[in-house]
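Each residue of the sequence shown is one higher than the one before, starting from 619 at the first, in our numbering.
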Amino acid sequence: MRNVIILGVVGAVVVAGVVGCKKKDQDAQQAGYQQGGYQNPPPGGYAGQYGNPPPGGGTTAPPPGGGTTAPPPGGGTTAPPPGGTAPPPAGGGQASPMDPTVAGAATQVLNGLATQNAVAGSKPVGSALACNFQQGQSCETQVQLQAGKCYTVVGAGVPPVSEVNVKFIAVSPIPGSAMVLAQDQDSGPQATLGKKPNCWKNALPMAVPVRMVLEVAGGSGVAAAQLYEK
């Protein structure tokens, strides 16, 4: 009987020891340890338990370029077309005046045209009108057409000029209301207004101021015109 009591007491002590060890193991696991050593920390440390920040320092890395979207090339504005502002299309405007003596090739042609197309006895009035043209440009001078006189205008261009026009336009005090009084009917780099046997006459009993206009409608380069009177 005595031996039984001793064995019972020993068993109770053993059971209590086992229970105590399991309790300590559970406490250690909750504290981050396990029996036989330390428990490996979870990825990123013990965030939420010991205050360690998540990987990367706890903040999200800003996008490349300091947190702002890089502006498009050119500082945020659309790049201009090559060469800056686009030039206006060729045509219209005033040609560049030049000394008739410099426009020798064109003025030499005028003498031959006058011989062929002006009425006999016609003489040049003043000097030739000469300009350097871009296609569609014109130049002009004002002339006095005397009453009862007969007039011829010859014009010529130097290649690559391909189309020349000569005109008489009325002088008007109202801009935009000028009227074309006469115009050549030729095609090509040479033109004559008032071709023989006819000529252009001032029908009024007084001198009339008109604009003598030389125009290059095709090609570009030097052209000249000369007024002849009979």
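We treat Cβ as the ideally placed atom computed from N, Cα and C, and that holds for glycine.
Pair within 8 Å by beta-carbon distance, residue i and residue j
i, j, result
"Lys-814", "Ala-736", "yes"
"Val-784", "Val-771", "yes"
"Ala-724", "Ala-748", "yes"
"Val-779", "Ala-841", "yes"
"Glu-781", "Gly-744", "no"
"Ala-713", "Gln-762", "no"
"Gly-722", "Tyr-769", "no"
Endpoints, the beta strand (DSSP E) within which residue i is located
i, result
"Val-798", "798-801"
"Met-824", "Met-824 -> no beta strand (DSSP E), and no H or E assigned at all."
"Gln-808", "808-811"
"Ile-792", "Where Ile-792 is concerned, there is no enclosing beta strand (DSSP E), given that its DSSP letter is neither H nor E."
"Asn-750", "747-751"
"Asn-816", "From DSSP, Asn-816 is part of no beta strand (DSSP E); its letter is neither H nor E."
"Gly-775", "768-775"
"Thr-719", "Unbroken run through Thr-719: none, as it is neither H nor E."
"Lys-785", "781-788"
Range of the contiguous alpha helix (DSSP H) that encloses residue i
i, result
"Leu-728", "722-735"
Between the CA atoms of residue j and residue i - distance to the nearest angstrom
i, j, result
"Tyr-846", "Pro-742", "4 Å"
"Met-797", "Ile-787", "6 Å"
"Ala-704", "Ala-835", "Note on Ala-704: pLDDT 40, under 50, position unreliable in the model; no value is reported."
"Gln-808", "Thr-759", "19 Å"
"Ser-790", "Val-727", "32 Å"
"Pro-793", "Gly-839", "28 Å"
"Asn-816", "Ser-795", "28 Å"
"Gln-801", "Met-824", "22 Å"
"Leu-822", "Gln-734", "28 Å"
"Val-720", "Asn-750", "11 Å"
"Leu-586", "Gln-844", "An answer regarding residue 586 cannot be provided, because it is not within the stretch 619 to 848 covered by the chain."
Supposed close pair residue i, residue j - CB separation, criterion 8 Å
i, j, result
"Ala-746", "Pro-715", "About 11 Å; that fails the 8 Å criterion."
"Gly-739", "Lys-848", "5 Å"
Residue from the options with nearest C-alpha to residue i
i, options, result
"Gly-711", "Phe-786, Gly-744, Gln-752, Ala-796", "Gln-752"
"Thr-810", "Gln-764, Asn-729, Gly-744, Gly-722", "Asn-729"
"Val-828", "Val-840, Val-782, Asp-802, Gln-764", "Gln-764"
"Pro-830", "Gln-808, Leu-822, Cys-757, Lys-848", "For the record, residue 830 in the displayed sequence is Met; it is not Pro. Answer by Cα proximity: Cys-757."
"Gly-806", "Gln-734, Glu-833, Asn-750, Lys-767", "Glu-833"
"Val-826", "Gln-803, Asn-750, Gln-734, Lys-767", "Lys-767"
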